[in-house]
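Residue numbers (our numbering): 1187 to 1803. For each residue, glycine too, the CB sits at the ideal point set by N, CA and C. Small disclaimer: the values here were computed from a predicted structure and weren't measured.
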Amino acid sequence: MSETGTGPGAAGGKAPGDASACGPDPAELARQMTEIAERSQRLVADFLARQSGDAGQGGSGGPGMANPTAIGAAFFEMTARMMSDPARLAQAQMSLWNDYLRLWQHTAQRFLGAAAEPRVIDAAPDDRRFRNEAWSENTLFDFIKQSYLLTARWMQGAVRDVEGVDERTARKVDFYTRQFVDALAPSNFVMTNPEVLRATIDSRGENLLNGLKNLLDDLERGKGQLTISMTDMAAFKIGDNVAASPGKVVYQDDLMQLIQYAPTTATVKRRPLLIIPPWINKFYILDLRPRNSFIRWAVDEGHTVFVISWANPDELLAAKSFEDYMREGPLAALDAIEQATGERAANVIGYCLGGTLLASTLAYLTAKRDTRVKSATYLVTMVDFKEAGELSVFIDEEQLQSLEQRMSKKGYLEARDMHTTFNMLRANDLIWSFVVNNYLLGKSPFPFDLLYWNADSTRMPAAMHSFYLRKMYQENLLVKPGGITLGGVPIDLRKIKVPTFMLSTREDHIAPWRSTYAATQLYSGPVKFVLSASGHIAGVVNPPGGKYGHWENDNNPPTPEEWLAGATQTADSWWPVWERWVARYAGGEVPARQPGDGKLTPIEDAPGSYVKVRAED
């Protein structure tokens, strides 16, 4: 995580005779400690009351979507396998011991002022935990860092090298071992983090007092559960400085509002553009600020843009199915777009889970001989879940049953459970960096639109989410002809002949690009595959002139490795590449359309009311 904010209690500039130089004012300190004690007592009481209420309902489960019992069983199996081969375990321990001896020798040489040999181990170049110069320049902290890195490498190597453990269990053990190792990093503790120690000395402990206040604020906001603040939530307002592109809501049903954006050009492409975002998050990831808004950019390129803004479901929508999302989402949107513009045909984009829904809908429309969709764009979308990446750690029968039991209590999956799950995939960046910044350094999070969106989580209806996880993630039925039936129609992705543009990202931890690439061998129509640098969000929200480039290859060989070997890299955004591609399916130009010009009467201004419903409301 980049440096966020400034230290709350820097001590520079005080005269020696200044009373404040001796520490905080005793009266003020007493007042603050009394306030903290009262808040802490109230939080504990509220937490215990909720725990008592949950006890009869089976508790709230583990972190995110995880099941603690399943985690324990995986580690038990791994340990049993490990102990059955004591020679291998002894060899690993001897290797660790030898590394420690080399480290002691290296450290002793530095303490004695001798020229030390190269370090025994170095942090990865992109490991931001140890970027402070003291981790390398100070002999003691260099020893602490290297000792941790050696132990972490040994622990993770030991669990990976165990033979006889099935792949699913091995992946689960590896994932949670990494969570454990990340949590124990010396950067996460006051006495072993040089930056925190310096801040504590300089501010005479004010950073820790401020950090405790931040911790209590986050506990109160999470109603007893720790909800780490990642940004200044008060710095943004939906419809004001994020999700602010002008337009109107022209249609709505139980599951979505359809937004039509106001044109910025005199003429527009004849065929409208429909964007289907994932309902795991809110649509305005594509409309954060004007400078990085894909929606505003597409409008400026002459598209009549329509975007689905999904409802944030509560118990009233618990029974909504994946099929309902298809009928009340893209199918309803296509009907509404025809009424709004007079155009039956459209080009369609699906982002992440929205792309999975788009592929399913196209297979359904193909079976019904409905040709309204003239081109399909998939952004970081999986349809073949055989290699689903680290999210598969949470998907097995035992964990799914536990998750379904949790969802059955309220009719939906709590937003914080999904949010925690995704954060665990990048724990150092999305959890521990904020623990250090907020609670140890006592700083306030920096205002950042992307992290504001990331914290604006949504709930998942029980029926839909169970179907999605079981039929797609667990059983991988979407790629099997007739494996899934929607609207009474067995669907087959292989029969989709619509021209396809696929955008994947090289560092994607949610939809691994090698897994998404499998779809190039699946669809029957022409497919253009583009690979962007960076990850699931930054690689997509990357306007022209942005940080990240992309790779292109006119051919789609059988494997992603072959594709990348023959690809050409370009140091700029993929957005103009997509625009040149989709323009071929635009159907010419017509005078610009304003929301309300057609048969649909605008309901309210964009971004609408559905997007403003927060999970904690």
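| Asked | Found |
| --- | --- |
| Buried or exposed (CB count within 10 angstroms, at least 16 for buried), N1577 | Per the sequence shown, residue 1577 should be read as Leu rather than Asn. Buried, because 16 or more other Cβ atoms sit within 10 Å of the Cβ of L1577. |
| Where K1714 falls: helix, strand or coil (DSSP) | strand |
| Buried or exposed by the 16-neighbour rule on C-beta atoms within 10 Å, applied to L1444 | buried |
| For H1489, the three-state DSSP class (helix, strand or coil) | coil |
| Buried versus exposed call for C1208 [16 or more other C-beta atoms within 10 Å across all chains shown] | Below a pLDDT of 50, predicted positions are generally treated as unreliable, and C1208, at 47, falls in that range; no measurement from the model is reported. |
| Residue of Q1660, T1607, T1552 minimising C-alpha distance to Q1587 | Q1660 |
| I1471 burial status per 10 Å Cβ neighbour count (16 or more: buried) | buried |
| Cβ contact (3+ pairs, closer than 8 Å) linking the segment 1619–1636 and the segment 1369–1388 | yes |
| Own chain partners of P1744 with C-beta closer than 8 Å, once the 5 adjacent residues on each side are dropped | Q1707 |
| C-alpha distance - S1333 paired with D1352, whole-angstrom precision | 31 Å |
| Any chain D beta carbon closer than 8 Å to L1398 | The chain inventory of the structure shown lacks chain D, comprising one protein chain alone. |
| Proximity to K1596 [Cα-Cα], best of Q1525, W1321, P1647 | P1647 |
| Host beta strand (DSSP E) of A1532 (start-end) | 1532–1537 |
| Q1411 to T1606 span [Cα, whole Å] | 12 Å |
| Buried versus exposed, by CB contacts within 10 Å (16 or more), I1481 | buried |
| Close Cβ partners of N1609 (< 6 Å) along its chain, the five nearest in sequence each way excluded | L1616, I1617 |
| Pairwise C-alpha distance: D1439 and V1799 | 15 Å |
| Through-space distance from N1284 to F1653, alpha-carbon basis | 51 Å |
| Which residues DSSP lists as bridging Q1660, in chain order | According to DSSP, which records beta bridges pairwise, Q1660 is partnered with nothing at all. |
| According to DSSP, residues forming a beta bridge with G1433 | Y1447 |
| Boundaries of the beta strand (DSSP E) in which H1736 is found, first to last residue | 1736–1738 |
| Near the ligand FAD: L1637 beta-carbon under 7 Å from a heavy atom | This structure simply doesn't include the ligand FAD, nor any ligand for that matter. |
| As assigned by DSSP and simplified to three states, the class of L1655 | helix |
| Residue span of the beta strand (DSSP E) that contains S1561, given as start and end | 1559–1565 |
| Residue range of the beta strand (DSSP E) that includes L1460 | 1459–1462 |
| C-alpha distance - M1658 paired with A1697, whole-angstrom precision | 13 Å |
| Three-state secondary structure (DSSP) of S1690 | strand |
| Opposing strand residues paired with W1761 [DSSP bridges] | According to DSSP, which records beta bridges pairwise, W1761 is partnered with nothing at all. |
| Minimum C-alpha distance to P1685 - residue among Y1771, W1483, S1720 | Y1771 |
| Option nearest A1817 by Cα separation, candidates T1644, I1682, M1568 | Because the chain spans 1187 through 1803 in this model, residue 1817 falls outside it and cannot be assessed. |
| Minimum C-alpha distance to L1523 - residue among L1459, S1710, D1500 | The amino acid at residue 1523 is misidentified as Leu; the sequence shows Ile. Among L1459, S1710, D1500, the Cα nearest to that of I1523 belongs to L1459. |
| E1303 to H1292 span [Cα, whole Å] | 6 Å |
| Residues of its chain near V1345, where Cβ-Cβ distance is below 7 Å and the 5 sequence neighbours each way are ignored | M1264, V1359, D1360, T1363 |
| K1572 versus S1718 - alpha carbon distance | 22 Å |
| Nearest-angstrom Cβ-Cβ length linking V1485 and E1790, presumed shorter than 8 Å | The pair is not a contact, with the Cβ atoms about 19 Å apart (cut-off 8 Å). |
| Three-state class that DSSP yields for D1791 in the structure shown | strand |
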